[in-house]
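Each residue of the sequence shown is one higher than the one before, counting from 254 in this note's numbering.
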Amino acid sequence: MKTALPSVIRDLQTRRGRERRGRTLIEGVRLVEDVRAAGVVLHGAAIAPSLEGTPRGAALKRDLEAAAVPLSAVSEDELAVLADTEHPQGIVAVVDLPGAALETLRPTAECPLLVLDAVQDPGNVGTMLRTALALGASGVILLDGSVELGNPKVLRASMGAAFRIPVVAMTAQAFIAWAEEQALELWAADMHGDPAHHAPRAGRPVALVLGNEGAGLRPALASAAARTVRIPIVSGAESLNVGVAAAILLYELRRGC
């Protein structure tokens, strides 16, 4: 394992490699700590001398050794090739791909489901996973066209939330059919909708649907929505970042319950 790990990590730098192996990469002291705290199994880690340059990093190494996580010692230059960040923190680890089964999702009026339609920016998706967890969402659905959940940039931006909240990938067509079966009330975010803070609160489970950063929602989802809501902004201002919009709308849903 020690000698093969760097080659495994290089393979996992590609989406094809992640999908073939069912694993992905996390890096940095805090993210590895968060993932360990979530009970996720580490299948190995490449570590450079800089990991022990701080008390926290040294403690993490001791923790991994005590847990019998396979460790592969590499140089700083070697780690720079294996890492996705410009200034890696001495560790890149291998974990199983996050994700959940559809039947684990149980949205309610108080704990809505967040649905992302072809949202492609990894930072936005990771931020929304983190926000959904913090604001009590019951789970997240990534519809086709969205960035891959196992993308290391998504995991980094989620700060471990991708492993703590149920996340399901599915097609828009399958989601619409499932939402109808589950009697979900779909709230679609759109700049031409009703002000979110004026929208009457649903008495049934809610799915909040946000669209692509540039194109918005696909027509089939917009048509399926029971309610279209917006965040009022001042005249002349640009539209909000999709991650910011998700946070405000999730808060409004929770505040009204």
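Heads up, the beta-carbon is just placed ideally off N, CA and C, and yes, glycines get one too.
This structure is a prediction, so every number in the text was calculated from the model and none was measured.
So, for residue i: in the same chain, excluding its five sequence neighbours on each side, which residues have a beta-carbon less than 8 Å away from its beta-carbon?
i, result
"Leu-295", "Val-285, Val-288, Arg-289, Leu-317, Ala-320, Val-322, Ala-346, Val-347 and Val-348"
"Ser-399", "Leu-369, Asp-370, Ala-371, Val-372, Gln-373, Val-378 and Ala-422"
"Ile-418", "Leu-382, Ala-385, Leu-386, Ala-390, Gly-392 and Val-393"
"Met-521", "Given a span of 254 to 510 for the chain in the structure shown, any question on residue 521 remains unanswerable."
"Ala-215", "Absent from the model: residue 215. The displayed extent of the chain is 254 to 510, so no value can be given."
"Val-420", "Pro-351, Gly-352, Ala-353, Leu-382, Gly-392, Val-393, Ile-394, Leu-395 and Leu-402"
By Cβ distance below 6 Å, which residues in the same chain neighbour residue i in space, the five residues on each side in sequence not counted?
i, result
"Ile-429", "Ala-477"
"Gly-496", "Asn-377, Thr-380 and Met-381"
"Ala-475", "Ala-441"
Would you identify the three-state DSSP class for residue i, choosing helix, strand or coil?
i, result
"Asp-374", "coil"
"Asp-349", "strand"
"Thr-307", "coil"
"Gly-469", "strand"
"Ser-492", "coil"
"Ala-285", "It should be pointed out that residue 285 corresponds to Val in this sequence rather than to Ala. Reduced to three states, the DSSP call for Val-285 is helix."
"Arg-417", "coil"
"Arg-457", "coil"
"Arg-483", "strand"
"Asp-397", "coil"
"Gly-270", "helix"
"Leu-402", "coil"
"Ser-391", "coil"
"Glu-433", "helix"
"Thr-424", "coil"
"Ala-326", "strand"
"Leu-358", "coil"
"Gly-379", "helix"
Tell me whether residue i, by its Cβ, gets closer than 7 Å to a heavy atom of the ligand ZN.
i, result
"Thr-481", "As far as ligands go, the structure on display features none, and thus does not contain the ligand ZN."
Using C-beta distances below 7 Å, list every residue in its chain close to residue i, excluding the 5 sequence neighbours before and after it, in chain order.
i, result
"Arg-271", "Leu-265, Thr-277, Leu-350 and Gly-403"
"Ala-326", "Ile-300"
"Arg-268", "Glu-401"
"Leu-493", "Ile-484 and Ile-486"
"Tyr-504", "Leu-388"
Between residue i and residue j, how many whole angstroms is the CB-CB distance? I'm expecting something under 8 Å.
i, j, result
"Leu-439", "Ala-460", "5 Å"
"Asp-397", "Thr-357", "Their Cβ separation, rounded to whole angstroms, is 20 Å, which puts Asp-397 and Thr-357 out of contact at 8 Å."
"Ser-303", "Glu-329", "6 Å"
"Gly-469", "Asp-443", "7 Å"
"Pro-259", "Asp-337", "Contact doesn't hold; Cβ gap of about 14 Å is too wide."
For the structure I just gave you, are there three or more beta carbon pairs, one from the region 358–368 and one from the region 292–312, closer than 8 Å?
no
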